[in-house]
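**Student:**
In my numbering, the protein residues as written are 23 to 397.
1) Verify whether the separation of the beta carbon atoms of residue 29 and residue 217 is less than 9 angstroms.
2) Taking three-plus beta-carbon pairs below 8 angstroms as touching, is the region 220-235 in contact with the region 93-100?
3) Let me know if residue 266 comes out buried or exposed under the rule of 16 or more other beta-carbons within 10 Å of its beta-carbon.
4) Is the beta carbon of residue 356 sitting closer than 9 angstroms to the one on residue 75?
5) Could you check the C-alpha separation between residue 130 and residue 110 for me, to the nearest Å?
6) Between the Cα of residue 247 and those of 352, 274, 240, spot the shortest distance and give me the residue it belongs to.
7) Only counting the same chain, and skipping five residues up and downstream in sequence, which positions put a Cβ closer than 8 angstroms to that of residue 6?
8) Tell me which residue opens and which closes the beta strand (DSSP E) that residue 195 is part of.
9) CB-CB under 6 angstroms to residue 321, same chain, minus the five flanking residues each way: which ones, in chain order?
10) Classify residue 25: buried if its beta carbon has 16 or more other beta carbons within 10 angstroms, exposed otherwise.
11) Once DSSP output is grouped into helix, strand and coil, what is the label at residue 85?
12) Verify whether the separation of the beta carbon atoms of residue 150 and residue 314 is less than 9 angstroms.
13) Three Cβ pairs or more, each shorter than 8 angstroms: is that satisfied between the region 355-371 and the region 82-92?
14) Considering only the alpha carbon of each residue, which of 242, 137, 179 lies closest to residue 294?
15) Quick one: grab the DSSP three-state call for residue 161.
16) Is the beta carbon of residue 114 sitting closer than 9 angstroms to the one on residue 154?
17) Starting from the Cα of residue 312, find the closest Cα among 210, 325, 157 and give me that residue.
18) Taking a contact to mean a Cβ-Cβ separation below 9 angstroms, would you say residue 378 touches residue 388 in this structure?
19) Where does residue 27 sit, in a helix, a strand or coil, going by DSSP?
20) Residues bridged to residue 206 by DSSP?
21) Residue 146 to residue 133, Cα distance in whole Å?
22) Taking Cβ to Cβ, would you say residue 53 is nearer than 9 angstroms to residue 369?
23) Entirely within the region 301-341 and at least 3 residues each: give me those beta strand (DSSP E) ranges in chain order.
24) May I ask you to report which of helix, strand or coil DSSP gives residue 354?
25) I need the DSSP call for residue 290, collapsed to helix, strand or coil.
26) So, with DSSP's three-state summary, where would you put residue 37?
27) Could you pull the start and end residues of the beta strand (DSSP E) that residue 273 belongs to?
28) Throw me the rounded Cβ distance for the residue 87 and residue 360 pair, which I believe falls under 8 angstroms.
29) What's the gap between the Cα of residue 202 and the Cα of residue 27?
30) Going straight from the alpha carbon of residue 37 to that of residue 214, what length do you get?
31) Pick out whichever of 251, 282, 220 has its Cα sitting closest to the Cα of residue 40.
32) Under a Cβ-count criterion, where at least 16 other Cβ atoms within 10 Å of its own Cβ denotes burial, should residue 318 be classed as buried or exposed?
33) Starting from residue 243, trace the beta strand (DSSP E) both ways and give me its first and last residue.
34) With distances taken between CB atoms, is the gap from residue 344 to residue 234 smaller than 9 angstroms?
35) Taking C-beta to C-beta, are residue 244 and residue 326 nearer than 9 angstroms?
36) Measuring only the C-alpha atoms, how far is residue 282 from residue 299?
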């Protein structure tokens with residue numbers, strides 16, 4: 023039986039970031055069911071850093087993460103984690119009140135946010151159909167995230183501190199002995215630790231059930247995406263991400279092509295999710311209606327799972343009833359951009375420490391993160 027101080031179930035961005043900050047303080051073992059971590063959600067993300075996105079809790083976590091993205095520790099990665107992109111939210115339906123509301127809300131978090139006229143929006147993104155554009159909001163601070171470099175940096179840090187990452191390792195059973203140690207039965211060996219960290223993404227409620235915990239009401243939601251070619255002979259790499267104000271689609275340059283999505287959020291059971299043809303068709307339709315692009319055939323399509331609890335906020339904290347079970351879950355579509363703050367918060371809370379001061383400076387508290395808030 024392999025012994026550890028902390029066993030993390032799930033090797034995606036939630037488990038990897040928690041393990042990165044936890045590994046200097048004890049033996050960490052990460053158990054990942056798939057053949058490589060980040061298979062279901064982390065590796066299927068559009069990966070944009072924008073502090074004007076999500077609930078107040080999400081925005082605070084994102085702001086608190088910026089310093090790490092800008093200045094990662096020495097040896098963490100070979101290249102910058104962020105690349106300037108810009109993000110433009112465009113009103114295609116003629117709803118000036120909603121546009122202004124979103125602008126004021128975003129500017130409270132990102133002071134450099136700009137309100138653009140239709141002509142200014144089209145100047146920034148010349149493929150927009152001018153007759154469809156009623157105005158826009160522009161976030162110059164939005165940046166592409168190198169998700170793979172971030173995730174691999176976390177995993178390297180765990181291994182550097184003598185932690186272990188086991189792939190093809192499915193958790194089949196959890197039990198707790200009289201001494202308070204958890205025993206984790208997998209399809210291979212058995213592992214033991216006093217603390218289990220449930221970072222299983224869309225499967226977190228199922229792992230919780232194995233530990234005897236009540237479900238937190240986690241709802242996975244499917245989102246489709248696709249890659250398609252841009253206009254021939256046009257350099258698109260400096261164009262901003264485009265998001266429709268009514269959240270009916272988004273698209274952004276991606277390695278010389280475009281990444282597009284219908285921005286759907288369809289409730290599903292946790293599984294190896296695949297894109298629905300109708301979702302891809304709807305995304306293509308929305309993009310062709312809003313722009314002058316013609317999308318003949320996507321070069322690649324996929325779908326990912328984004329998992330939420332009822333209040334839309336992220337979770338980090340001990341289970342209210344089950345001793346030694348710690349949740350890092352409900353990351354929604356925000357897990358990558360919030361991972362530095364969430365990893366640091368989780369590593370502190372699981373050790374019984376207060377949140378780091380720089381996280382508290384952004385208004386974060388353990389109560390805001392705790393699963394007990396859902397009771």
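Glycine included, C-beta positions come from ideal geometry on N, C-alpha and C.
**Tutor:** Reading off the structure:
1) By 1-based counting over the chain shown, the position of residue 29 is 7. By 1-based counting over the chain shown, the position of residue 217 is 195. Yes. Within cutoff.
2) Look at the beta carbons and you see the region 220-235 not touching the region 93-100: under three pairs across the two are nearer than 8 angstroms.
3) Here residue 266 is taken as the residue at index 244 of the chain shown, counted from 1. It is buried - the Cβ of residue 266 has at least 16 other Cβ atoms within 10 Å.
4) Here residue 356 is taken as the residue at index 334 of the chain shown, counted from 1. Here residue 75 is taken as the residue at index 53 of the chain shown, counted from 1. Yes. Within cutoff.
5) Counting from 1 along the chain shown, the entry for residue 130 is found at position 108. Counting from 1 along the chain shown, the entry for residue 110 is found at position 88. Residue 130 and residue 110: Cα-Cα distance of roughly 17 angstroms.
6) The count along the chain shown starts at 1 and reaches residue 247 at position 225. Minimum Cα distance to residue 247 is reached at 274.
7) Outside the displayed span of the chain (23 to 397) sits residue 6, for which this structure offers no information.
8) For the purposes of this step, residue 195 is taken as the residue at position 173 of the chain shown. Judged by DSSP secondary structure, residue 195 falls within the beta strand (DSSP E) whose first and last residues are 193-198.
9) The sequence position of residue 321 within the chain shown is 299, counting from 1. Listed in chain order, the non-local C-beta contacts of residue 321 below 6 angstroms within the same chain comprise 249, local neighbours out to five positions each way being set aside.
10) Locating residue 25 in the chain shown gives position 3, where the first residue counts as 1. By the Cβ-count criterion, residue 25 is exposed, with fewer than 16 other Cβ atoms from all chains shown falling within 10 Å of its own Cβ.
11) Residue mapping note: residue 85 aligns to position 63 of the chain shown, counting from 1. In this structure, DSSP gives residue 85 a helical state, which the three-state scheme calls helix.
12) For the purposes of this step, residue 150 is taken as residue 128 along the chain shown, with counting starting at 1. For the purposes of this step, residue 314 is taken as residue 292 along the chain shown, with counting starting at 1. Between residue 150 and residue 314, the gap from beta carbon to beta carbon is short of 9 angstroms.
13) The region 355-371, when compared against the region 82-92, does touch it at the 8 angstroms Cβ threshold.
14) Indexing the chain shown from 1 puts residue 294 at position 272. Minimum Cα distance to residue 294 is reached at 242.
15) For the purposes of this step, residue 161 is taken as the residue at position 139 of the chain shown. For residue 161, the secondary structure class from DSSP, reduced to helix, strand or coil, is strand.
16) The residue labelled residue 114 in the question sits at position 92 within the chain shown. The residue labelled residue 154 in the question sits at position 132 within the chain shown. Going by C-beta atoms, residue 114 is nearer than 9 angstroms to residue 154.
17) Position 290 of the chain shown, counted from the first residue, corresponds to residue 312. Nearest C-alpha to residue 312: 157.
18) Within the chain shown, numbered from 1, the residue matching residue 378 stands at position 356. Within the chain shown, numbered from 1, the residue matching residue 388 stands at position 366. Result no, Cβ atoms of residue 378 and residue 388 do not sit closer than 9 angstroms.
19) Taking the first residue of the chain shown as 1, we reach residue 27 at position 5. Reduced to three states, the DSSP call for residue 27 is coil.
20) Numbered from its first residue, the chain shown carries residue 206 at position 184. Beta-bridge partners of residue 206 (DSSP): 196, 213.
21) Locating residue 146 in the chain shown gives position 124, counting from the first residue. Locating residue 133 in the chain shown gives position 111, counting from the first residue. Residue 146 and residue 133 have their C-alpha atoms roughly 20 angstroms apart.
22) As a position in the chain shown, residue 53 is number 31, starting the count at 1. As a position in the chain shown, residue 369 is number 347, starting the count at 1. Between residue 53 and residue 369, the C-beta spacing is not below 9 angstroms.
23) For the beta strand (DSSP E) assignment, the uninterrupted runs of no fewer than 3 residues enclosed by the region 301-341 are, from N- to C-terminal side, 322-330, 337-340.
24) Taking the chain shown and counting its residues from 1, one reaches residue 354 at position 332. DSSP places residue 354 in the coil class of the three-state scheme, outside both helix and strand.
25) Within the chain shown, the letter at position 268 stands for residue 290. Annotated three-state conformation of residue 290 is coil, per DSSP.
26) The count along the chain shown starts at 1 and reaches residue 37 at position 15. It is helical.
27) Here residue 273 is taken as the residue at index 251 of the chain shown, counted from 1. It spans 272-276 - the beta strand (DSSP E) in which residue 273 sits, taken as one unbroken run.
28) Numbered from 1 along the chain shown, position 65 holds the residue referred to as residue 87. Numbered from 1 along the chain shown, position 338 holds the residue referred to as residue 360. The pair is a contact, with the Cβ atoms about 6 angstroms apart (cut-off 8 angstroms).
29) Translated into the one-based positions of the chain shown, residue 202 becomes position 180. Translated into the one-based positions of the chain shown, residue 27 becomes position 5. Going from the Cα of residue 202 to the Cα of residue 27 covers about 12 angstroms.
30) Along the chain shown, read from residue 1 onward, the residue named residue 37 stands at position 15. Along the chain shown, read from residue 1 onward, the residue named residue 214 stands at position 192. Their backbone Cα atoms lie some 17 angstroms apart in a straight line.
31) In the chain shown, counting from the first residue as 1, residue 40 sits at position 18. For residue 40, the closest C-alpha among the options 251, 282, 220 is that of 220.
32) Here residue 318 refers to the residue found at position 296 of the chain shown. That one is exposed.
33) As a working note, residue 243 is residue 221 in the chain shown. That run of the beta strand (DSSP E) goes 241-250.
34) Walking along the chain shown from the start, residue 344 turns up at place 322. Walking along the chain shown from the start, residue 234 turns up at place 212. Residue 344 places its beta carbon less than 9 angstroms from that of residue 234.
35) Locating residue 244 in the chain shown gives position 222, where the first residue counts as 1. Locating residue 326 in the chain shown gives position 304, where the first residue counts as 1. Result yes, Cβ atoms of residue 244 and residue 326 sit closer than 9 angstroms.
36) The residue labelled residue 282 in the question sits at position 260 within the chain shown. The residue labelled residue 299 in the question sits at position 277 within the chain shown. The straight-line gap separating the alpha-carbon atoms of residue 282 and residue 299 is approximately 14 angstroms.
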